[in-house]
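Residue numbers (our numbering), protein chains in the order written: chain A, 1 to 202; chain B, 1 to 202.
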């Protein structure tokens with residue numbers, strides 16, 4: 001059965017991380033909704049803005065499928081957050097996304113974050129407490145509400161975290177393994193020429 | 001000094017490969033032009049089409065900076081082709097891109113391709129002859145006009161080739177090393193958490 005996955009993006013989202021998650025999960029057959037999150041301080045997008053257009057951290061222009069507001073009553077099998085700054089801050093400040101993430105945790109459904117997002121989004125909303133987790137090394141000193149680990153990808157029950165653009169495919173394949181099993185993930189990883197499963201080294 | 005890089009994309013381009021090239025080279029300081037190539041058989045984009053919008057192989061919607069026609073009189077320090085199908089076929093069938101690639105080779109300036117693009121574009125236009133090269137394993141049997149190698153990234157003078165989404169960051173970092181030197185590439189690779197330089201294994 002198809003799994004539904006939410007990938008929120010915003011201005012300043014790391015594009016390699018976003019696209020690795022979207023592409024790899026779609027290869028597995030997941031229905032991935034790419035949701036545009038308005039910049040911090042804006043409840044909605046400026047009416048003059050091109051609808052759904054997001055400019056990622058290195059200038060890549062991406063068109064989302066929906067706005068995050070349009071996703072707020074949906075139920076997802078997985079919510080996966082790309083990093084990048086200030087993208088992760090915009091994700092943190094979205095009330096609609098905060099509600100979705102807290103419902104996800106309460107229901108025991110998987111949520112995941114990479115790079116800046118484990119600290120800037122998940123830790124900020126108390127979604128890492130008591131769990132092992134990882135993040136970009138530059139933010140590791142701030143990861144103080146979780147048991148910090150240096151692995152490239154960390155699975156702690158329903159919470160999956162990872163480190164940066166260079167670990168994004170390993171992270172996405174781990175998400176495939178969580179939703180569809182290891183055999184499917186290995187198959188997709190082989191076709192993508194991924195070096196995976198990841199070792200323990202940072 | 002800033003280097004100018006052309007990354008042509010089209011409907012069906014592999015989005016991880018495209019975005020890894022664009023993002024990584026911009027991290028190095030390159031001026032990257034993302035150029036939209038019209039689908040095969042069309043000299044120009046349909047007037048009713050959203051300008052510069054490309055739908056990549058797994059549905060990611062990307063907005064290019066220019067059309068390939070607008071790039072045809074420019075000189076680039078590097079032309080780097082993402083793979084994906086039918087994206088690579090659209091790149092192959094673009095007369096404007098063919099002229100740019102042939103000028104690039106004649107001038108001894110670097111050109112690069114990953115996944116399907118080494119076979120579908122470079123070999124088709126006789127730009128691999130006598131060189132060592134690699135490509136996606138599924139297309140390796142067709143790589144008959146070059147000395148096929150199984151390495152994850154192959155540098156053969158001005159021609160750099162690679163294998164698939166999982167090798168795209170290694171490929172992009174090799175392009176950074178060619179344009180800006182190894183030290184810069186190592187620095188960027190470390191910040192991205194890339195496992196690089198690549199080993200020789202496929």
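Quick reminder that beta carbons are idealized off the backbone N, C-alpha and C, glycines included.
Below-9 Å beta-carbon distance, residue i vs any chain B residue
{"i": "residue 99/A", "result": "no"}
{"i": "residue 20/A", "result": "yes"}
{"i": "residue 161/A", "result": "no"}
{"i": "residue 137/A", "result": "yes"}
{"i": "residue 203/A", "result": "Because chain A in this structure spans residues 1 to 202, residue 203/A falls outside the shown range and cannot be described."}
{"i": "residue 57/A", "result": "yes"}
{"i": "residue 197/A", "result": "no"}
{"i": "residue 37/A", "result": "no"}
{"i": "residue 133/A", "result": "no"}
{"i": "residue 112/A", "result": "no"}
Contact with chain A by residue i, beta-carbon distance below 9 Å
{"i": "residue 102/B", "result": "no"}
{"i": "residue 202/B", "result": "Because the pLDDT at residue 202/B is just 44, under 50, the model does not fix this residue reliably, and the point stays unresolved."}
{"i": "residue 155/B", "result": "no"}
{"i": "residue 92/B", "result": "no"}
{"i": "residue 120/B", "result": "no"}
{"i": "residue 147/B", "result": "no"}
{"i": "residue 109/B", "result": "no"}
{"i": "residue 143/B", "result": "no"}
{"i": "residue 128/B", "result": "no"}
CB contact flag (residue i, residue j, <9 Å)
{"i": "residue 63/A", "j": "residue 35/A", "result": "no"}
{"i": "residue 178/A", "j": "residue 195/A", "result": "no"}
{"i": "residue 175/A", "j": "residue 19/A", "result": "no"}
{"i": "residue 32/A", "j": "residue 94/A", "result": "no"}
{"i": "residue 133/B", "j": "residue 161/B", "result": "yes"}
{"i": "residue 203/A", "j": "residue 197/A", "result": "Residue 203/A falls outside the range modelled here, since chain A spans only 1 to 202, and no answer is possible."}
{"i": "residue 71/B", "j": "residue 96/B", "result": "yes"}
{"i": "residue 135/B", "j": "residue 119/B", "result": "yes"}
{"i": "residue 185/B", "j": "residue 28/B", "result": "yes"}
{"i": "residue 14/A", "j": "residue 56/A", "result": "yes"}
{"i": "residue 146/B", "j": "residue 130/B", "result": "yes"}
{"i": "residue 192/A", "j": "residue 16/B", "result": "yes"}
{"i": "residue 181/A", "j": "residue 84/A", "result": "no"}
{"i": "residue 123/B", "j": "residue 142/B", "result": "yes"}
{"i": "residue 65/B", "j": "residue 52/B", "result": "yes"}
Endpoints, alpha helix (DSSP H) assigned at residue i
{"i": "residue 176/B", "result": "168-180"}
{"i": "residue 24/A", "result": "15-27"}
{"i": "residue 96/B", "result": "95-106"}
{"i": "residue 69/A", "result": "That residue, residue 69/A, is in no alpha helix (DSSP H); it is neither H nor E in DSSP."}
{"i": "residue 88/B", "result": "87-92"}
For residue i, the first and last residue of its enclosing beta strand (DSSP E)
{"i": "residue 154/B", "result": "153-156"}
{"i": "residue 53/B", "result": "53-55"}
{"i": "residue 111/B", "result": "111-114"}
{"i": "residue 33/A", "result": "31-36"}
{"i": "residue 161/B", "result": "159-162"}
{"i": "residue 80/A", "result": "78-81"}
{"i": "residue 5/B", "result": "4-9"}
Chain D contact for residue i (CB, 9 Å cutoff)
{"i": "residue 25/B", "result": "Checking the listed chains, one finds no chain D in this structure; the protein chains it contains are A and B."}
Positions along the region 163-191 of chain A whose CB lies within less than 8 Å of some CB in chain B: 163, 164, 165, 166, 167, 169, 189 and 191
Near-chain A residues of the region 59-88 of chain B - C-beta to any C-beta below 7 Å: For the region 59-88 of chain B, the set of residues with a beta-carbon nearer than 7 Å to any beta-carbon of chain A comprises 59, 60, 61, 62 and 63, in chain order.
Inter-stretch contact (C-beta, 8 Å, three-pair minimum) for the region 107-114 of chain B and the region 70-83 of chain B: yes
The region 2-29 of chain A: positions lying closer than 7 Å to chain B by Cβ: In summary, the residues of the region 2-29 of chain A whose CB is separated from some CB of chain B by less than 7 Å are 15, 16, 19, 20, 22, 23, 26 and 27, in the order they occur in the chain.
Inter-stretch contact at 8 Å, needing at least 3 Cβ pairs: the region 15-30 of chain A / the region 53-61 of chain B: yes
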